[in-house]
Amino acid sequence: MGRRQEVSNERILEVARRCFLLRGAGVSAVEIAGELGVSHTTIFNRFGSKEALMIAALGVPDQIEWASVLEKGPDNRPVFEQLVQHGKVVAAYFQNLQAGLAVLHAAGIPNDKIFPDQTADSAPAKAFMALVAWLRVAQSQGRIGKCDVETLASTILGALYNWAQTASVCGHSTTRDDSESHVERFIELLWNGIGVE
5 MGRRQEVSNE
15 RILEVARRCF
25 LLRGAGVSAV
35 EIAGELGVSH
45 TTIFNRFGSK
55 EALMIAALGV
65 PDQIEWASVL
75 EKGPDNRPVF
85 EQLVQHGKVV
95 AAYFQNLQAG
105 LAVLHAAGIP
115 NDKIFPDQTA
125 DSAPAKAFMA
135 LVAWLRVAQS
145 QGRIGKCDVE
155 TLASTILGAL
165 YNWAQTASVC
175 GHSTTRDDSE
185 SHVERFIELL
195 WNGIGVE
């Protein structure tokens, strides 16, 4: 019998996520392993349980990519334009996260297992602080009005997350164009209160 191929954790998570999103929480590790060309034992050896695999594939990632972009600070373009651009990326992230969370909740996995790390070192906390720092720099440059930047960051992230939640619950269109249009309207509304450029 030939040796089974090696497969990365990232590849396992990618295939598992696709399977869970397409077919729901009932997808077995055997089915996922079959698509990967490995044994289901390989998956359990890497992740320990189906629940742990689901959380790793569908929950909050260890690193939130858009946070590292924000850490670079505002560039020379108008802040309004940058907020729209960042908002579109964050909105897409939240839509993807919401899809995964819906499957996890449907499987009966409680939030304390989905979000076990609620410290300042967690990926969501770091992403929040990256946005706060970005806004603080823009404010120190006189490019946004005087306001509490932590409240502003909470408002931005909360509104974008709630759009993903509302769209899925209320049946709003979640196409890329519709989501981006929502972000543009939201930032324009927000800009009425914070804009100076």
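For the sequence shown, the numbering used here begins at 5 and goes up steadily by one.
A virtual CB, placed ideally from N, CA and C, is assigned to each residue, including glycine.
Local conformation of residue i per DSSP, three classes
i    : result
I118 : helix
G197 : helix
I47  : helix
I16  : helix
I148 : strand
D181 : helix
M5   : Caution is warranted here: a pLDDT of 43 is assigned to M5, below 50, making its placement in the model unreliable, and the coordinate value is therefore given only provisionally. Here M5 sits in coil by DSSP.
Q169 : helix
N80  : coil
S158 : helix
V88  : helix
P110 : Checking the sequence shown, residue 110 turns out to be Ala, not Pro. Helix.
Beta-carbon gap between residue i and residue j smaller than 8 Å
i    : j    : result
G91  : I191 : yes
A71  : K54  : no
V129 : M58  : One point to set straight first is that residue 129 is Ala, not Val, in the sequence displayed. Result no, Cβ atoms of A129 and M58 do not sit closer than 8 Å.
V31  : A127 : no
L161 : V94  : yes
G149 : V107 : no
Q169 : Q102 : yes
S183 : A96  : yes
A171 : T178 : yes
Same chain only: Cβ atoms within 8 Å of residue i, ignoring 5 sequence neighbours per side
i    : result
R7   : Any reading at R7 needs caution, since the residue's pLDDT is 47, under 50, leaving its predicted position unreliable; the model's value is listed next. Result list for R7: empty, nothing under 8 Å.
W195 : F84 and L87
G104 : R21, F24, L25, A61, L62 and G63
T159 : L194
Cβ of residue i within 8 Å of any chain C Cβ
i    : result
W167 : Annotation note: the requested chain C is absent from the structure, which comprises a single protein chain.
Sequence-distant residues of the same chain with beta carbon closer than 7 Å to residue i, five excluded per side
i    : result
I36  : V19, A20, C23 and I47
W138 : L74, G77 and P78
I16  : L40, I47 and R50
C151 : I198
Nearest-angstrom beta carbon gap, residue j and residue i [assumed within contact, 8 Å]
i    : j   : result
N100 : R50 : With 8 Å as the limit, N100 and R50 do not qualify as a contact, their Cβ atoms being about 22 Å apart.
Same chain only: Cβ atoms within 6 Å of residue i, ignoring 5 sequence neighbours per side
i    : result
A142 : P78, V83 and I148
H44  : A33, V34 and A37
L135 : L74 and A157
E154 : V136
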